[in-house]
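J.: The structure follows.
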Amino acid sequence: MTENRAKKWTLLHIRMSRQYRPENPELPTLDPWQNRTKPPAEQFIFERNPFFHRIDENGRQLPYVDQIVMNVSSSAIISAKTGAGESDLQSMGID
Numbered sequence: 201m202t203e204n205r206a207k208k209w210t211l212l213h214i215r216m217s218r219q220y221r222p223e224n225p226e227l228p229t230l231d232p233w234q235n236r237t238k239p240p241a242e243q244f245i246f247e248r249n250p251f252f253h254r255i256d257e258n259g260r261q262l263p264y265v266d267q268i269v270m271n272v273s274s275s276a277i278i279s280a281k282t283g284a285g286e287s288d289l290q291s292m293g294i295d
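Following this line, the structure appears as C-alpha cells:
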C-alpha cells in the first residue's frame, strides 16, 4: 500500500479498478486499446486490445491501429504546440 501511496486497502482497490483512468495497466478492459504505462508518466502507450469485441463489415477485428503513444504536455504550452502543428490529438479544451 505504501508503494501505491494509499492509506487504506479499500481506497487502493477503488483507484486500481477505475475503468476510465489509466492508473492500472494490468486491469482487463473491453476498450479498443489497453494502457501499458503506469502513471505518473509524461508518455502513455496504449496497445490494441486483442480481445476487443467489435469487427468491421468485412469481418476484420477492430481497431486497426496497433499502438497509440500520447505525450502529456503542460497546459501552458498546449496552444503553442497546436499552433506549430505538433499536436495530433487534444483531449482537453484549448483556452
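Under the numbering used here, the letters of the sequence shown match residues 201 to 295, in that order. Beta carbons: idealized from backbone N, C-alpha and C, even for Gly.
On the DSSP bridge assignment, give the partners of Met-261 in chain order.
T.: In the sequence shown, the residue the question calls residue 261 occupies position 61. Looking at the sequence shown, residue 261 is not Met but Gln. BP columns for Gln-261 point to Ile-255.
J.: Based on the DSSP output, what are the partners of Glu-247 in its beta bridges?
T.: Counting from one through the sequence shown, the residue named residue 247 turns up at place 47. Paired residues: Gln-234, Gln-267.
J.: Please report the distance separating the alpha-carbon of Thr-229 from that of Phe-246.
T.: Position 29 of the sequence shown, counted from the start, is the residue given in the question as residue 229. Position 46 of the sequence shown, counted from the start, is the residue given in the question as residue 246. Straight-line Cα distance between these residues: approximately 12 angstroms.
J.: Within this structure, are the beta carbons of Arg-248 and Val-265 separated by less than 8 angstroms?
T.: Position 48 of the sequence shown, counted from the start, is the residue given in the question as residue 248. Position 65 of the sequence shown, counted from the start, is the residue given in the question as residue 265. The Cβ atoms of Arg-248 and Val-265 lie closer than 8 angstroms to each other.
J.: Comparing alpha-carbon positions, which option in Arg-254, Phe-251, Asn-224 lies nearest Val-240?
T.: Taking the first residue of the sequence shown as 1, we reach residue 240 at position 40. According to the sequence shown, residue 240 is Pro rather than Val. Of the candidates Arg-254, Phe-251, Asn-224, Asn-224 places its Cα closest to the Cα of Pro-240.
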